[in-house]
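Just below is one structure, and these are the notes that go with it.
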Amino acid sequence: TMTTAGFAVILLVVLAPRARALPDGAPLSVCRSLMPNHGGQGPQTGIPAYSVIARRQGGGVVVWIGSTVGVRFQGVLLQGRTTAGDVLGSFELPVGSEAHTIDCEGPGDSVTHNKAKDKEFLSVIWKPPQGYEGDIVFNATIAQNYNTFWVGVVSTPVRVSRDAVNDPIPEYSFQPNRPTSTTPPNFVREVPREASTDFDPFYDGCSASKLCFGAPINCVASKSCKAVVAVTVAGDKYDFELKADGSAAWVGVGLSDDDKMGRDSVIECVKRGSGLAAFMSWTNVPPTTPLGSLT
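If you count by mature numbering (1 follows the signal peptide of the UniProt record, and there is no 0), then the sequence shown holds residues -21 to -1, 1 to 274, one letter each, in order.
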């Protein structure tokens, strides 16, 4: 698995009685821990199905919470914290928002949900204290439902200064038109198989918690790809998995800003005797220039 970094973070939380999440948001008693009181239910430990993205705009920071694979969420608790863990600043919400502010350590310094119902994404604005300069990390607890939630979903640090800064806005969307997933992303329903040798765990989570594509066309659905790539998104982190059948000596995936080969960043896995070697390359036109081994 290879990882490239880049994105933002926030702390989200949802609390509930024994039967369902609190309908009007998280209580003040969880401001510090961000841990929902869901009848002893613990948080998920795998890669979150959601991303927290923060971008400086003018004198504040715009924060988005959502899923790039179309998984909706019901509850959230979000804070901006210093690298020392202190809750800082205050939030502003747009008219008609599905969330509201609460006062954890200061006026409006935290955001939580209005109602425990499915949400496609959440957008808020964070304002720093006057004259503040330093790094801010957005921390969140996000609840897909009563039983499935993540604590400590974090953004990359955002450098706040007295000068107005406008960061580039993310180019991908949170896919709000995707239907709600009824299966937790870290859980794959067991499907009866004729023989255990037909089972390939690489395809687990495709279209649920990770994006998969391969060759030939439509091979992911039948789990019969000669070469296949899976991408898992966690905040600004992208985990790449590559796989090829036993006859292949090489498999790779390129990252390009157009639909043509050439001048692209490539991740490669190459068969070396009884083992594998991983490389990063840059494609020229036509040769490929290795940049060095990843192992």
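Just so you know, even glycine gets a beta-carbon here, dropped at the ideal spot from N, CA and C.
This structure is a prediction, so every number in the text was calculated from the model and none was measured.
In the DSSP annotation of this structure, the continuous segment of the beta strand (DSSP E) that includes Ser69 starts and ends at Ser69 to Glu71. The Cβ neighbour count for Arg35, taken over all protein chains shown within 10 Å, is at least 16; the residue is labelled buried. DSSP, reduced to helix, strand and coil, places Ala33 within a strand of the structure shown. Within the same chain, and ignoring the five residues on either side of Asn124 in sequence, the residues whose Cβ sits closer than 6 Å to its Cβ are Gln53.
Per DSSP, the continuous alpha helix (DSSP H) segment holding Ser201 begins and ends at Cys198 to Ser201. At least 8 Å separates the beta-carbon of Phe70 from that of Val55. Taking 8 Å as the cut-off, the beta carbon of Gly231 is found closer than this to the beta carbon of Val245.
With respect to Ile32, Ser134 sits close: the two C-beta atoms are nearer than 8 Å.
Beta bridge pairing from DSSP links Phe192 with Val208. Residue pairing by DSSP places Ala78 opposite His92 in a beta bridge. Ranked by how close their Cα comes to the Cα of Phe100, the residues Thr47, Met14, Asp236 and Asn16 have Thr47 in first place. Residue state for Val9 is assigned as helix, using DSSP reduced to three classes. The beta carbons of Tyr182 and Val199 sit closer together than 8 Å. The Cβ-Cβ distance between Thr120 and Gln23 does not fall below 8 Å.
Residue environment for Asp88: buried (at least 16 other C-beta atoms within 10 angstroms of its C-beta). Gly59 sits close to Phe117, with the two beta carbons spaced by under 8 Å. A straight line joining the alpha-carbon of Pro6 with that of Lys98 spans about 20 Å. Taking every protein chain shown into account, the CB of Thr62 has fewer than 16 other CB atoms within 10 angstroms, so this residue is exposed.
Apart from the 5 residues on each side of it in sequence, Lys202 sits with its Cβ closer than 7 Å to the Cβ of Asp179 and Tyr182 in its chain, given in chain order. About 6 Å separates the Cβ atoms of Tyr29 and Gly45, confirming a contact at the 8 Å cut-off. At a Cβ-Cβ threshold of 8 Å, Leu190 and Val210 count as neighbours. A check of alpha carbon separations from Asp114 across Ala95, Thr262 and Val66 identifies Val66 as the nearest. Annotated as proximal: Gly193 and Val207, with beta-carbon spacing under 8 Å.
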